[in-house]
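Counting from 1 along the sequence shown, just add 531 to a position and that's the residue number in the working numbering.
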Amino acid sequence: MSAFKRDKKEEEDGGGLPFQNIEKSAVLQEARIFNEASVNPRKSTAVLTKLLYMLNQGERLSPKEATDVFFAMTKLFQSRDLVLRRLVYMGIKELSTMAEDVIIVTSSLTKDMTGKEDMYRAGAIRALCSITEAGMLPSIERYMKQAIVDRSPAVSSAALISAMHMTWFAAEGVKRWVNEAQEAVLSDNIMVQYHALGLLYRIRRADRLAVSKLVARLTRLSLKSPYAVCMLIRIAAQLIEEEGADSGSPHFQYIEACFRHKSEMVVYEAARAVVNLERTTSRELAQAVSVLQLFCGAPKATLRFAAVRTLNQVAIAHPAAVTACNLDLENLITDSNRSIATLAITTLLKTGAESSVDRLMKQIATFVSEISDEFKVVVVQAIRALALKFPRKHSSLMNFLSAMLRDEGGLEYKASIADTIITIIEDNPEAKETGLAHLCEFIEDCEHTSLAVRILNLLGKEGPRTKQPSRYIRFIYNRVLLECPSIRAAAVSAMAQFGASCPDLLPNIQVLLARCQMDSDDEVRDRATYYSHILARQDTSLYNRYILDTLQVSIAGLERALREYLDGEGARPFDMLAVPVAPPPQAAELDAKPRAALAKPPPTREDNFAERLSALPELQALGPLFSSSEPVELTESETEYVVRCVKHSYARHLVLQFDCLNTLNDQLLEDVRVQVEPGEGYSVAAVLPCPSLPYNESGSAYVVLQFPEDLPSSVATFGALLKFVVKDCDPATGLPDVEEGYNDEYMLEDLEVTLGDQIRKLGKANWGAAWEEAEGLFSEMEDTYALTSMTSLEEAVTNIVKFLGLLPAERSDKVPKGKTTHTLLLAGVFRGGVDVLVRAKLALADGVTMQLTVRSQDEGVAELITSAVG
């Protein structure tokens, strides 16, 4: 061990990374030492260490280089040096995916695996399994079974872990080792027991009944390994979620019994599992929280950190349950571990009273600069929740966030602050002026392009609606003078929005845009010229269409649609309705990853559906996909056949996509199709069956319907019947016992086609201008309704938005507290490209009274909406 010791002076002089400047060519040159007639263990160990370091740093070798080094390295098996031999095993594992003909070392590894030297055997097993293919498994099966039950814990664990890795490509072969794995579960060694349980679960995870039996059997035993007990708790919790069980379930009773386990690790895992269950009752939650409360006063920092982090997460959904821990959390504010103190304060912010906010914010300010960006983001998310909970505290919270913006930090941290300020602005109109002022100050020194562009877009959207719009022009134009082309282009777009919304600022905006037309970048010049010409027309309809109403399309979908258009004949103009709409971001998504931190938006579900449906030849003649609904369950989740339906609307057709799952392991379904009983006016155009549906695999069947000419008839209810051919099969192999099956059918729930299924959500940035522009040009219908079943304006707004399928405009879906009247503004597009605008005036008395006004380009659509509500 003395060779590994360094005195303090040597550490200061030598630095930390001895191989940081090595080069691949030099290491490959040194690796020629492996080919020498006599092996030099000391030199070979040094060279092999360099090679492994280089590979672990991400360096890639070509197949020829890797093969040459691999075969040279195999000659090191001549040496009996323990350190060198274990490095050779590691080298085989690293090069197995790069080199060719690696199976040549199988015999050497098998010899080491079955030898008497325990220090060789574990490493040999891991290396052998890394080069083993599915076809080679029978040749080593006998050795692996022996190794799993070996008396040496290191050998047994190595075999179990290797078997877990092999389940990804040879699951059927590994299943034959179940008996040995079950014997290993009874081992006295805690790691062997843990790894054996992991292998058993990996083998049986596709069969819920087998997993349930495994848990039931092991919960009756007294497992010695706390790691195995923790894994068993996680499996039991997963079964509870899948089965929808309650506190009477034996799995839940086992988790509760683990609260009294002697291992702190197990007690924490049990409490964490209970608080994360979706159907936890207040009594069960209180019991788990009391366990975490005890850990808050534990002497070990790891226990305090685990407890307070879990309580922090619980406080998001159940703040009242965590209130009992406030005193313990107060004591943790002064904890020497800053991560614990941060989580304690942020938890108190979520559960505390409004009077304690200022005191807690002052305490955070004393050490917020000392914690990492990860925990700063936690603080920011707590402040966001606090601002939504106590709107009157927006001023102090904004000031604190502004100070955090001026601190050093990465993109994700700064983006979370900006998103929080934007959320406060959108939720609390009184905070708009203050929030925009802070953001204007921030972009003066913002280092992140994506964040600056996002803030400029916000200024263009919200700035014209403030009391003094002109005060923001200077901040925006400064970006044109000082920043990179992408920020300058965003600044030009923001200025154009001011010109379109503020007539008194239009002459000044035109002067600034004229200067931008001399910019060095093409995009900036083109935008400035484009907006300048539109603003010169002084036409409100042009302003709304080309400046204020931005494209709300999926970028990936737009790219695909343009590519298809260019590949086609191009005889007709490009139709924007062929592009899927990008869904509005949800608050949960913003918490998980700030929008500004996303380099490229992922494809939306509309993109995926459009690509999938366009690949079916029978559907290509229907035209572009207009909208897709959320899945509708047509069976219970516990039935033998699980079916759900997604409704895809086209201009004149409705495609019903039935996603089917066969849960019977002794049946193979073929020619799976759905027979629907269409409503009045509908006609079936095509039926596309699913050819085959094996056990535990999903497949899709389609029914194509033509919409009725009479629009009110398009809202209808269909009967549905699942039909298929059944073939009995062997549960182990999945192969049918007979060539011919028998016809069978299964009744499904009725399927409703609603108004919302035929509407695409498209917002209006300036809804008021669009409403005035539609007057006289659109058909208008108005009616009054009594919503007697609804007891609040919030409930009425939620149900109206959900029923109509339109997108709320100008944040009108948020009802101010204490109000008895409210106006809901909605916008969207009906299939075929028909614009729809809806204004719903709501008044609360005994129930909710609604005056609904609909303006649409098509009189039939306006009539359909008013009649559907009635």
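Just so you know, even glycine gets a beta-carbon here, dropped at the ideal spot from N, CA and C.
Burial state of residue i, where buried means 16 or more other Cβ atoms lie within 10 Å
{"i": "Ala1141", "result": "buried"}
{"i": "Asn566", "result": "exposed"}
{"i": "Thr841", "result": "buried"}
{"i": "Lys893", "result": "exposed"}
{"i": "Lys881", "result": "buried"}
{"i": "Glu590", "result": "exposed"}
{"i": "Met1381", "result": "buried"}
{"i": "Gly994", "result": "buried"}
{"i": "Pro549", "result": "exposed"}
{"i": "Gly828", "result": "exposed"}
{"i": "Trp699", "result": "exposed"}
{"i": "His1064", "result": "exposed"}
{"i": "Ser1245", "result": "buried"}
{"i": "Thr865", "result": "exposed"}
{"i": "Ile1331", "result": "buried"}
Straight-line Cα distance separating residue j from residue i
{"i": "Cys1191", "j": "Ala1232", "result": "8 angstroms"}
{"i": "Ser933", "j": "Ala851", "result": "30 angstroms"}
{"i": "Glu631", "j": "Glu714", "result": "37 angstroms"}
{"i": "Asn930", "j": "Ala1371", "result": "37 angstroms"}
{"i": "Glu1303", "j": "Leu1368", "result": "11 angstroms"}
{"i": "Asp859", "j": "Gly666", "result": "59 angstroms"}
{"i": "Leu668", "j": "Thr811", "result": "45 angstroms"}
{"i": "Glu1137", "j": "Ala1393", "result": "26 angstroms"}
{"i": "Glu905", "j": "Ala896", "result": "16 angstroms"}
{"i": "Pro1016", "j": "Ile1078", "result": "20 angstroms"}
{"i": "Arg505", "j": "Glu809", "result": "The displayed coordinates of the chain run from 532 to 1401. Any statement about residue 505 would go beyond what the structure contains."}
{"i": "Lys540", "j": "Glu554", "result": "The predicted model places Lys540 with a pLDDT of 45, which falls under 50 and marks its position as unreliable; any figure quoted below should be read in that light. Answer to the nearest angstrom: the Cα atoms are 28 angstroms apart."}
{"i": "Gly1230", "j": "Ala701", "result": "24 angstroms"}
{"i": "Ser927", "j": "Asp889", "result": "8 angstroms"}
{"i": "Leu770", "j": "Glu1228", "result": "20 angstroms"}
{"i": "Arg869", "j": "Ala1146", "result": "55 angstroms"}
{"i": "Ser627", "j": "Ser610", "result": "21 angstroms"}
{"i": "Ala817", "j": "Met604", "result": "60 angstroms"}
{"i": "Leu1185", "j": "Ala712", "result": "52 angstroms"}
{"i": "Ser687", "j": "Asp681", "result": "5 angstroms"}
{"i": "Leu559", "j": "Ala655", "result": "24 angstroms"}
{"i": "Thr645", "j": "Ala678", "result": "9 angstroms"}
{"i": "Met697", "j": "Leu717", "result": "22 angstroms"}
{"i": "Tyr1226", "j": "Gly1265", "result": "7 angstroms"}
{"i": "His792", "j": "Ala768", "result": "17 angstroms"}
{"i": "His979", "j": "Val910", "result": "21 angstroms"}
{"i": "Lys1092", "j": "Asp1106", "result": "The sequence given here has Ala at residue 1092, not Lys. Each residue's alpha carbon lies about 9 angstroms from the other."}
{"i": "Asp1202", "j": "Pro1162", "result": "22 angstroms"}
{"i": "Gly704", "j": "Glu672", "result": "8 angstroms"}
Selected residue, minimal CA-CA separation from residue i, among the options
{"i": "Asp1197", "options": "His969, Ala685, Gly1272", "result": "Gly1272"}
{"i": "Leu1013", "options": "Ser1229, Cys977, Ala737", "result": "Cys977"}
{"i": "Leu1293", "options": "Gly1336, Tyr1316, Asn1330", "result": "Gly1336"}
{"i": "Glu815", "options": "Lys831, Met722, Gly779", "result": "Gly779"}
{"i": "Glu1306", "options": "Leu1356, Gln1388, Ala949", "result": "Gln1388"}
{"i": "Val806", "options": "Gln844, Thr833, Tyr1226", "result": "Gln844"}
{"i": "Gly1250", "options": "Asp1268, Leu1224, Gly1210, Leu1242", "result": "Gly1210"}
{"i": "Arg528", "options": "Leu731, Tyr758, Pro757, Ala737", "result": "There is no way to answer for residue 528, as the model of the chain reaches only from 532 to 1401."}
{"i": "Lys1345", "options": "Asp958, Ser670, Glu1208, Ala694", "result": "Asp958"}
{"i": "Ile1040", "options": "Arg1010, Ser1001, Asp1053", "result": "Ser1001"}
{"i": "Pro1262", "options": "Leu1195, Ile1331, Leu1338, Phe1238", "result": "Leu1195"}
{"i": "Ser821", "options": "Arg803, Pro1038, Asp1268, Ala1045", "result": "Arg803"}
{"i": "Ala727", "options": "Leu740, Lys706, Asp950, Asp738", "result": "Lys706"}
{"i": "Leu1165", "options": "Asn1075, Met621, Glu1283", "result": "Glu1283"}
{"i": "Glu964", "options": "Ser947, Glu800, Asn988, His925", "result": "His925"}
{"i": "Ile510", "options": "Val1207, Asp1275, Pro1339, Ile1007", "result": "Residue 510 cannot be examined here, being either before or after the span of the chain that is shown, 532 to 1401."}
{"i": "Ser1168", "options": "Glu773, Leu582, Ala1296, Ile564", "result": "Glu773"}
Closer than 6 angstroms: residue i CB and nearest the ligand SAM heavy atom
{"i": "Met621", "result": "Looking at this structure, you won't find the ligand SAM or any other ligand, since it has none at all."}
Uninterrupted beta strand (DSSP E) stretches inside the region 1299-1330 (no shorter than 3 residues):
1310-1318
Whether or not the region 1271-1289 and the region 1170-1187 are in contact is what I'm after, with contact meaning three or more pairs of Cβ atoms, one per stretch, closer than 8 angstroms; do they touch?
Yes, they touch.
Quick check: the region 1351-1370 against the region 1081-1099, are at least 3 beta-carbon pairs closer than 8 angstroms?
No contact exists between the region 1081-1099 and the region 1351-1370.
So within the region 1197-1223, which uninterrupted beta strand (DSSP E) runs reach at least 3 residues, ignoring any that extend past its ends?
1198-1208, 1214-1219
Length at least 4, wholly inside the region 1319-1396: the alpha helix (DSSP H) runs in chain order:
1324-1335
Quick one: which unbroken alpha helix (DSSP H) runs of 4-plus residues sit fully inside the region 1244-1272? Chain order, please.
none
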